[in-house]
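A.B. asks: Pasting in a structure now, in C-alpha cells, and then I'll have a few things to ask.
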Amino acid sequence: MKPAASIRATVIVRLKPEVLDPQGTAVQRALGRLGFQGVKNVRIGKIVELEIDDDGTSAADLEDRLEKMAKEMLANPVIEDFEAKIS
Amino acid sequence: MHATVVLFPGINADAEMVRTLRDVCGVTTDCVSHTATELPRSTDLVAIPGGFSYGDYLRCGAIAKVAPILDAIAAHAKNGGYVLGVCNGFQILTEAGLLPGALTRNENLHFRCHDVFVKVTATGPFSPTLGDVWRMPIAHGEGRYQASPEVLEDLEDEGRIALRYSTATGDVIDAANPNGSAMGIAGIYGGPRKNILGLMPHPERMSDLLQGGDDGRRLFDAVVAHAQPL
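Just so you know, the protein sequences line up as chains A and B, in that order. With the numbering used here as the guide, the letters of the first sequence map in order to residues 3 to 89. With the numbering used here as the guide, the letters of the second sequence map in order to residues 63 to 292.
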C-alpha cells in the first residue's frame, strides 16, 4: 500500500517580548566571550516540525488545526507567541 | 480527611508527600496513577508532588496536563475539593489552567536548591495565619512566577497571593526572592473557595524535625483542620 502523502508544517514558538529570557542573556554574554562583538540581544525559542497526514484538508482548515495545536500544547499563551507555517 | 497523591512518571517528591500526610499528619493516604480516570471516591485532598513529570519535555508540566487523571483533578477542584501542587505540581496546575500565570526559567539561570523563607500574605485553607513566616526548601530551575499585570492585580485584590519570599523576619524584599518571581510570589490560591494552592517551596521536605525543621507541617495541619466538619 502506498503510504499516505503528508504535509510538513512548522510552528515557531517565541517567548513574548516582555518575558525575560535568561538563557538568551547567557548566550549573548558567551558570544561576547568568544570574541563576537556587537551582539546586543539574544532570544531563544523553539521550532516544532510536524508531519501531518494529507487527508485533503484545505490549507485554511490545516492552519486552524495548527493554531489549535499551538494554543493547546505547543506554546503556552501566557508567556509565548507562536507562528505556524505550512511548507 | 482522605488524601490522594498523584503519581506522574518522572516525579520524585512523592515519597516525602505520602510520608508527611500519612505518618506526620495521620491522614489516610492513597496514591493514584496518572493513567487513572477517577480519584478514590473519598478523596478530600489531591496532592501533586514535585519532580520532573515527563522529563519536563516541551515545558514543565505541559505533557502532564493531558494525562488521563487531569479531568478528574479539574472536576474535584471545580467542586471546591482541596488541591495542593508543589513545585512541578504547581507548574502542572498552571499549565492545566487551574491556576493563572506561568512558571518560567529562574532569573539568574541557576537551579536554586536551598532553604528560603516565605511569608503568608493571604489566608486560606492552607495558610490560616497572616504574617506567618515559614522556612522551607526550594529545588527548581523554573520557578519564576509570571502573569500579566491584570492577573497580578486580581491575585492581589482577591487575596490569592498566599506566599511571598521574605527574609527570616518577614520582610518581602528583592534580596529574598530566589528566582525573580513577579511580586516575590512563592505560592498562589485558586479555585472557587481558595481550595487550590500551588507553591514552589517544598513543605513536605520540612514537615518533621528529622528533616531539619517542621514549618511545612503547618500547611498540612491547616488543611486537615479546615476539612473538619464544624
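Glycine is no exception: its CB is placed at the ideal position from the N, C-alpha and C atoms. Quantities reported herein were computed from a predicted structural model and do not represent experimental measurements.
Say whether chain B places a C-beta atom closer than 8 Å to the C-beta of A:Val-29.
C.D. replies: No, A:Val-29 lies away from the interface with chain B (no Cβ there is under 8 Å from its Cβ).
A.B. asks: With distances taken Cα to Cα, identify the nearest neighbour of A:Leu-64 among A:Ala-7, A:Ala-11, A:Ala-6.
C.D. replies: Out of A:Ala-7, A:Ala-11, A:Ala-6, A:Ala-11 has the C-alpha closest to the C-alpha of A:Leu-64.
A.B. asks: List the residues that DSSP assigns as beta-bridge partners of A:Phe-84.
C.D. replies: Residue pairing by DSSP places A:Phe-84 opposite A:Val-15 in a beta bridge.
A.B. asks: What's the gap between the Cα of A:Ala-6 and the Cα of A:Asp-57?
C.D. replies: One C-alpha to the other measures close to 8 Å.
A.B. asks: Against chain A, which members of the stretch 197-209 of chain B pass a CB distance test of less than 9 Å?
C.D. replies: Close to chain A, meaning a Cβ-Cβ distance shorter than 9 Å, are the following residues of the stretch 197-209 of chain B: Arg-206, Gln-208, Ala-209.
A.B. asks: Kindly indicate which three-state DSSP category B:Gln-273 falls into: helix, strand or coil?
C.D. replies: helix
A.B. asks: Would you mind telling me which residues of chain A sit closer than 8 Å to B:Gly-163, beta carbon to beta carbon, in chain order?
C.D. replies: Val-80
A.B. asks: So what's B:Val-128 in DSSP terms, helix, strand or just coil?
C.D. replies: helix
A.B. asks: Run through DSSP, which three-state label would B:Gly-246 get?
C.D. replies: helix
A.B. asks: What residue range does the beta strand (DSSP E) around B:Ile-235 cover?
C.D. replies: Where B:Ile-235 is concerned, there is no enclosing beta strand (DSSP E), given that its DSSP letter is neither H nor E.
A.B. asks: Taking DSSP as the reference, what is the three-state secondary structure of B:His-138?
C.D. replies: helix
A.B. asks: In the DSSP assignment, find the unbroken alpha helix (DSSP H) run with B:Asp-283 in it and report its ends.
C.D. replies: Note, B:Asp-283: alpha helix (DSSP H), 279-289.
A.B. asks: Go to B:Gly-147, then tell me how far its beta strand (DSSP E) extends in each direction, as first and last residue.
C.D. replies: Note, B:Gly-147: beta strand (DSSP E), 144-148.
A.B. asks: Check the Cβ-Cβ distances between A:Leu-52 and every residue of chain B, and say whether any is below 8 Å.
C.D. replies: For A:Leu-52, the answer is no, since every Cβ of chain B falls outside 8 Å of its Cβ.
A.B. asks: Beta-carbon of A:Leu-22 versus every beta-carbon of chain B: anything under 8 Å?
C.D. replies: Closer than 8 Å to some Cβ of chain B, the Cβ of A:Leu-22 qualifies, so yes.
A.B. asks: Can you pull the DSSP bridge partners for B:Ala-63?
C.D. replies: Residue 63 of chain B is actually Met in this sequence, not Ala. Answer is none; B:Met-63 lacks a bridge partner.
A.B. asks: Starting from the beta carbon of A:Met-75, find every residue of chain B whose beta carbon is closer than 8 Å, and list them in chain order.
C.D. replies: By Cβ distance, chain B contributes Leu-120, Ala-124, Val-128.
A.B. asks: Measure the C-alpha to C-alpha separation of B:Ala-238 and B:Arg-174 and round it to an integer number of angstroms.
C.D. replies: Roughly 13 Å separates the two Cα atoms.
A.B. asks: What does DSSP give as the partner residues of B:Pro-199 in its beta bridges?
C.D. replies: B:Asp-177
A.B. asks: Listing by chain order, which chain A residues have their CB less than 8 Å from the CB of B:Glu-220?
C.D. replies: The contacting residues do not exist; B:Glu-220 stays about 18 Å from chain A at best.
A.B. asks: Would B:Ala-75 be called buried (16 or more neighbouring beta carbons within 10 Å of its own) or exposed?
C.D. replies: buried
A.B. asks: With DSSP run on the structure shown, which of helix, strand or coil describes A:Ser-89?
C.D. replies: coil
A.B. asks: Using a Cβ cut-off of 8 Å, which residues of the stretch 166-177 of chain B contact any Cβ in chain A, in chain order?
C.D. replies: Contact residues of the stretch 166-177 of chain B toward chain A are Thr-166, Arg-167, Asn-168, Glu-169, Asn-170, Leu-171 (C-beta to C-beta distance below 8 Å).
A.B. asks: Answer with buried or exposed for B:Tyr-144, where buried requires no fewer than 16 other C-beta atoms within 10 angstroms of its C-beta.
C.D. replies: buried
A.B. asks: Considering only C-alpha positions, which residue in the set B:Asp-276, B:Asp-216, B:Ala-65, B:Tyr-119 is nearest to A:Leu-76?
C.D. replies: With distances taken between CA atoms, A:Leu-76 lies nearest to B:Tyr-119 out of B:Asp-276, B:Asp-216, B:Ala-65, B:Tyr-119.
A.B. asks: For B:Ile-200 and B:Ile-154, which I take to be in contact (beta-carbon distance under 8 Å), what is that distance rounded to the nearest angstrom?
C.D. replies: Not a contact, Cβ separation roughly 17 Å.
A.B. asks: State buried or exposed for B:Asn-168, treating a residue as buried only when at least 16 other CB atoms are found within 10 Å of its CB.
C.D. replies: buried
A.B. asks: Going by the DSSP bridge assignment, what does B:Ser-189 pair with across the sheet?
C.D. replies: B:Gly-186
A.B. asks: Going straight from the alpha carbon of B:His-138 to that of B:Leu-160, what length do you get?
C.D. replies: 11 Å
A.B. asks: Under DSSP, the beta strand (DSSP E) around B:Thr-166 begins and ends at which residues?
C.D. replies: Counted as a single uninterrupted DSSP element, the beta strand (DSSP E) harbouring B:Thr-166 occupies residues 164-166.
A.B. asks: For chain A, is any of its Cβ atoms less than 8 Å away from the one on B:Glu-212?
C.D. replies: no
A.B. asks: Can you confirm whether A:Gln-25, when its beta carbon is compared against all beta carbons of chain B, has any partner nearer than 8 Å?
C.D. replies: A:Gln-25 counts as touching chain B.
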